[in-house]
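Quick mapping for you: the protein sequence lines, in order, are chains A and Y.
First residue of the first sequence? That's 1 in my numbering, and the numbers climb one at a time after it.
First residue of the second sequence? That's 139 in my numbering, and the numbers climb one at a time after it.
The beta-carbon is built from N, C-alpha and C at its ideal position, and this holds for glycine as well.
The structure appears below as structure tokens.
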Amino acid sequence: MTKYKLIDHTADIGIDIFGNTLSDLFSNAGFAMFDIITDITAVDAKDEHIVRIEGIDKEQLLVNWLGELLYLHDVKCLLFKDFLITDMNKNHLTATIRGEKYIETKHAINTVIKAVTHHALSVRHEHNQWKARVIFDL
Amino acid sequence: MTYKYKIEKIDEYSWRIPREGKMRVDGIVYANETMMKEIQKDESLQQVINVSHLPGIVGHSFGMPDIHWGYGFPIGGVAAFDLDDGVVSPGGVGYDINCGVRLLRTDLQRIEIVHKLDSLVNTLFSSIPSGVGSHRKDLRLSHQEEKNVLKNGAQWAVSQGYGSKNDLEHIEENGRIAGADPELISERALERGKAQLGTLGSGNHFVEVGYVSEVYDAKIAQTLGLQKDSITIVVHTGSRGFGYQVCDDSIRTMIKASKEFNIELPDRQLCCAPIKSQQGQDYLAKMACAANYAFANRQMITHWIKESFERSLHINPGESKISVVYDVCHNIARIEDHIVDGRKKPLCVHRKGATRAFPPHHAQTPDAYKEVGQPVLIPGDMGRCSYVLVGTEKAYTTTFGSTCHGAGRVMSRGKAKKLASSRNISRELKEKGILVRADSRATMDEEIPEAYKDVTEVVDVVEHAGISKKIAQLKPLCVIKG
């Protein structure tokens, strides 16, 4: 199954994300973000981090989750490739994420994402599938 | 494509989206006929309408000719709110708070530097950190010192030896927005800010060395210190990860506040709170911190630009006479006095991808430009040109003293990359006499000139609409991009 697809946005980047379960959807959203940032095949799953996220609903939970990954990327220069959601409901998630520190000679930065926005944000279940839309500020 | 809204032509350069449904005011968009067709291809007009739903909006919800689809507010959007019953929205300012532009002038002539551009562009690229993980190795900020940056902006930078007091007189609000309260800032924002002060960032941020290619009003150009063929430098950057974190933190608070105050939102990114509420006041105090951070950032980068010029051109300090023409915010909310129904009233003016354009003799027009109006700096894409304009009385009375901010994108980054994939953009620009150094090929490809509207058309619209006056055109010689 396709994990995500880009949608055309004039200034920024938007993505539609797909998943069989809500956990799948969130995992694929993490993958999509780092697939846009870098060539994810060049990232090794060397270091492991556990993150816990809260949100008032599943939409905000998604933004907060991606925001947390982006924060770790921006401040600690980390790139992630594995996103294992170990526990979640619509207000909370715990995930084990794996990746490594950015190395200039090893990793290409294709797109710098500045922020995860709430614009046109949606998370819904339709035709037996979870689907979400997120717009990134570049 | 069919649209749910009506558009009425007012004149050759302006359009009205009449109030209907839950809109509280009309939408007004500045554009020519061709641009208007293009604008309707994305969601930006719907965003003009969404903004007009917000409580306490005064006058109109404006779209400038560089309008394009943003998140929440459109990019190129202006909206003013009544202090008593209006709201302030972090989405109306954006993530990159006080993303802005600074123009420097020099005594150097184009002929003196064209054969030294290679060395100049390389020195600039190595002196001004850009891209992922970039930071200044020679800059270590303590927590307390960072709070001083947030309180004092460019004034802090000058106190540390980056530039002079004279620079401060040529910056919007003298490089320091009052009311900043660092105690409200999250640990996360402080952490992000500490590492990134003095860095350019990425995407459309740049430092561009160019020259004055055309002068449209010799007298005003002289007041601005701009002569034909003299070298200029444009700096475009903002508050970096610090601003993004402040915006992110504030949006979380504002989503709750919108519920608390029963504000119906057409888009969650427009979340807001009454200006007078604690949440509204706190946001303005945090936003001022980020705005000051950005002023300090551009002030420090200016210092390294001066050093780079001296080093690469082998000139003595001070000989290039590099000085600040002006420095404007492109993403900001300001409390300003405006005339509403014939009476002076303080309003909270949101400019998201728009520039203040105050007229001659206005109290907040800097002393040096009292006779000519506040300078407005409009960067174009890296292959064409940029413009210097001044504010007008008409801008003050019709658009809350606001005008456009740049060329505005017309093409998504994906499309631009596809278009550039088989081309060597760097070589194409070099053949036009423009040297570009970018942190990655991706940045270069995304920023191809064709991805932007023609800035000349944008500027012609604001000039014909009377909301700014064109003074000079600048053409690029070399550019560094994040």
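Each of Arg472/Y, Ser351/Y, Leu422/Y, Val186/Y was checked against the Cα of Pro212/Y, and the nearest Cα belongs to Val186/Y. Counted as a single uninterrupted DSSP element, the alpha helix (DSSP H) harbouring Leu62/A occupies residues 58-76. For Gly379/Y, the enclosing alpha helix (DSSP H) covers residues 378-398. For a Cβ distance threshold of 8 Å, residue set Ala115 of chain A lies close to Cys385/Y, ordered along the chain.
Boundaries of the alpha helix (DSSP H) around Lys568/Y: 563-569. Counted as a single uninterrupted DSSP element, the beta strand (DSSP E) harbouring Gly201/Y occupies residues 195-209.
In this structure, the beta-carbon distance from Ser268/Y to Gly620/Y falls below 8 Å. For Gly552/Y, the enclosing alpha helix (DSSP H) has its first and last residue at 551-558.
About 6 Å separates the beta carbons of Arg489/Y and Ser540/Y, which is inside the 8 Å limit, making them a contact pair. With contacts defined by Cβ atoms closer than 8 Å, Glu509/Y and Pro517/Y do not form a contacting pair.
Under the Cβ criterion (8 Å, minimum of three pairs), the region 242-251 of chain Y counts as touching the region 368-378 of chain Y.
In the three-state reduction of the DSSP assignment, Leu403/Y falls in the coil class. Contact check for Cys385/Y against Tyr209/Y fails: the beta carbons are separated by 8 Å or more. At a cut-off of 8 Å between C-beta atoms, Tyr233/Y counts as an interface residue with respect to chain A. One Cα belongs to Ile17/A, the other to Lys444/Y, and the distance between them is close to 47 Å. Contact of Ile56/A with chain Y is assigned, a C-beta pair being separated by under 8 Å. Under the three-state reduction of DSSP output, His49/A falls in the strand class. In the three-state DSSP reduction, Leu258/Y falls in the helix class (H, G or I).
Spanning the alpha carbons of Leu567/Y and Glu398/Y requires a straight line of approximately 53 Å. For Val548/Y, the three-state secondary structure derived from DSSP is coil. In the structure shown, Ile572/Y falls within a coil segment according to DSSP collapsed to helix, strand and coil.
Of the residues Met161/Y, Lys142/Y, Glu171/Y, the one whose Cα lies closest to the Cα of Trp153/Y is Glu171/Y. Chain-order list of chain Y residues neighbouring Tyr71/A: Arg326, Arg330, Gln383, by C-beta distance under 8 Å. Under the 8 Å Cβ criterion, the region 555-564 of chain Y does not count as touching the region 524-538 of chain Y, having fewer than three qualifying pairs. Excluding residues up to 5 positions away in sequence, His281, Glu284 lie with their Cβ nearer than 7 Å to the Cβ of Leu328/Y in the same chain.
Linking Asp598/Y to Leu527/Y through their CA atoms gives a straight-line distance of about 11 Å. The C-alpha of Gly529/Y is placed about 36 Å away from the C-alpha of Ser272/Y. In this structure, Ala42/A keeps its C-beta atom at 8 Å or more from the C-beta atom of Ile15/A.
Its chain contains Ser190, His191, Ile195 as the residues whose beta carbon lies nearer than 7 Å to that of Arg162/Y, once the 5 sequence neighbours on both sides are disregarded; these appear in chain order.
In this structure, DSSP gives Met33/A a helical state, which the three-state scheme calls helix. Ranking Ser302/Y, Pro228/Y, Ile177/Y, Val462/Y by CA distance to the CA of Ala429/Y puts Pro228/Y first.
In the DSSP assignment, Ala95/A is bridged to Val51/A, Ile85/A.
Chain-order list of chain Y residues neighbouring His9/A: Trp207, Ser550, by C-beta distance under 7 Å. Under the DSSP assignment, Phe433/Y falls outside any beta strand (DSSP E), being part of the alpha helix (DSSP H) whose first and last residues are 416-451.
In the displayed model, Leu277/Y falls within coil according to three-state DSSP, outside both helix and strand. Counted as a single uninterrupted DSSP element, the alpha helix (DSSP H) harbouring Gln360/Y occupies residues 356-361.
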